[in-house]
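Numbering (the numbering used here), first residue to last: 6 to 292.
No residue lacks a Cβ here, since even glycine has one placed at the ideal position from N, Cα and C.
Nothing here was measured: the structure is a model prediction, and the numbers come from that model.
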Ligand SMILES: NC(=O)c1ccc[n+]([C@@H]2O[C@H](COP(=O)([O-])OP(=O)(O)OC[C@H]3O[C@@H](n4cnc5c(N)ncnc54)[C@H](OP(=O)(O)O)[C@@H]3O)[C@@H](O)[C@H]2O)c1
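Right, here's the structure in full:
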């Protein structure tokens with residue numbers, strides 16, 4: 006087995022390198038511009054050089070707010086990029102891991118017995134942002150390509166990069182933070198997501214998977230837990246989405262059920278609080 010990681014400088018890309026190294030799996034790793042998913046010749050060159058059995062696409066346009074006014078670029082990277090990548094993988098018989106998002110859903114909860122239930126893989130997709138629409142188009146292109154593929158939809162991801170946890174740690178230095186309390190999701194560690202990817206690679210269990218840490222909370226609860234674990238005194242205020250308007254509308258409900266991973270015995274995700282404790286432990290050592 007040999008893995009080619011594209012988008013290797015991102016949160017998941019960095020973690021994939023660590024997780025594959027820990028397992029003794031051979032890999033090559035590139036980011037833009039050394040490997041540009043929107044440029045077929047660049048990807049073909051890297052594939053020829055490295056002869057992978059699996060390509061893991063960690064590359065994406067992830068600035069949800071900027072995407073609202075930069076839709077062409079977001080589409081190029083999130084939709085046309087996976088199209089190019091998957092068509093090349095198909096022509097060479099290489100399997101592809103592609104990462105998608107909770108933003109493919111509307112964010113309106115599906116009710117069961119009057120209560121919101123987590124989205125499952127078969128639920129209807131109805132993105133309400135540019136980012137969500139481009140990511141959904143990316144999923145569709147990967148499926149249409151005929152490549153052997155695993156698509157993992159994740160959410161609220163944090164790892165080595167810009168993320169909510171690091172933002173909260175920065176705000177803690179000022180002593181105050183205002184955080185929305187009416188958006189619910191599952192904070193997901195890049196460590197767990199990379200473990201899930203490693204667990205699928207080479208199995209042939211192709212298809213679409215939800216891939217988030219277990220449990221759910223609001224961004225406010227998440228911030229509260231970060232400050233509690235890190236033992237930081239912060240004046241934390243809960244605000245509503247209406248009070249905290251952003252260019253891209255955030256989904257109110259982002260909870261995904263890892264239904265298919267559970268069905269095949271590959272749900273390696275921990276509860277979000279457990280994964281967060283580990284992450285904060287390593288962040289403390291870093292600083
Ligand atoms: N972060 C989240 O909360 C979240 C939530 C749900 C789903 N996801 C999905 O999870 C995956 C990994 O996210 P992440 O947080 O690790 O992303 P990230 O940290 O933003 O990393 C994305 C990487 O892709 C690179 N890239 C951009 N355009 C490229 C191109 N044309 N060719 C090659 N590489 C390119 C970026 O480089 P530059 O930095 O130079 O642009 C960056 O290194 C993505 O598919 C994302 O949509 C993320």
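Taking all protein chains shown into account, do 16 or more other C-beta atoms lie within 10 angstroms of the C-beta of residue i, making it buried, or fewer, making it exposed?
i, result
"residue 144", "buried"
"residue 149", "exposed"
"residue 50", "exposed"
"residue 236", "exposed"
"residue 21", "buried"
"residue 269", "exposed"
"residue 199", "buried"
"residue 265", "buried"
"residue 140", "buried"
"residue 77", "exposed"
"residue 53", "exposed"
Using CA atoms only, rank isn't needed, just tell me which of the options is closest to residue i.
i, options, result
"residue 6", "267, 115 and 28", "28"
"residue 182", "191, 190, 189 and 172", "172"
"residue 16", "259, 231, 193 and 222", "193"
"residue 223", "259, 212 and 240", "259"
"residue 232", "170, 139 and 77", "170"
"residue 261", "82, 102, 153 and 161", "161"
"residue 115", "108, 128, 106 and 206", "128"
"residue 89", "22, 64 and 69", "64"
"residue 159", "147, 104, 132 and 135", "104"
"residue 239", "229, 156 and 248", "229"
"residue 32", "41, 57, 44 and 280", "57"
"residue 245", "163, 214, 187 and 291", "187"
"residue 210", "282, 60 and 154", "154"
"residue 100", "81, 19 and 147", "147"
"residue 41", "282, 30, 14 and 59", "14"
"residue 203", "11, 19 and 30", "30"
"residue 61", "191, 47 and 94", "94"
"residue 132", "107, 121 and 156", "107"
"residue 282", "59, 164 and 73", "164"
Taking only the alpha-carbon atoms, compute the straight-line gap between residue i and residue j and give it to the nearest angstrom.
i, j, result
"residue 112", "residue 257", "5 Å"
"residue 125", "residue 117", "13 Å"
"residue 137", "residue 174", "27 Å"
"residue 84", "residue 9", "19 Å"
"residue 70", "residue 24", "30 Å"
"residue 212", "residue 179", "45 Å"
"residue 43", "residue 86", "4 Å"
"residue 195", "residue 45", "28 Å"
"residue 36", "residue 67", "14 Å"
"residue 226", "residue 284", "17 Å"
"residue 214", "residue 291", "32 Å"
"residue 34", "residue 97", "19 Å"
"residue 168", "residue 152", "31 Å"
"residue 249", "residue 189", "15 Å"
Considering just the uninterrupted stretch of the alpha helix (DSSP H) at residue i, what are its terminal residues?
i, result
"residue 55", "45–55"
"residue 203", "195–205"
"residue 144", "135–150"
"residue 80", "76–80"
"residue 70", "69–72"
Taking DSSP's pairing of strands, which residues face residue i in a bridge?
i, result
"residue 161", "None, per the DSSP bridge assignment."
"residue 182", "241"
"residue 34", "10"
"residue 59", "8 and 100"
"residue 223", "189"
"residue 106", "159"
"residue 261", "124"
Between which two residues does the beta strand (DSSP E) harbouring residue i extend?
i, result
"residue 212", "212–215"
"residue 27", "Not the beta strand (DSSP E): residue 27 falls in the alpha helix (DSSP H), residues 16–27."
"residue 273", "Looking at the DSSP string, residue 273 is not in any beta strand (DSSP E), and its letter there is neither H nor E."
"residue 251", "Looking at the DSSP string, residue 251 is not in any beta strand (DSSP E), and its letter there is neither H nor E."
"residue 120", "120–122"
"residue 116", "115–117"
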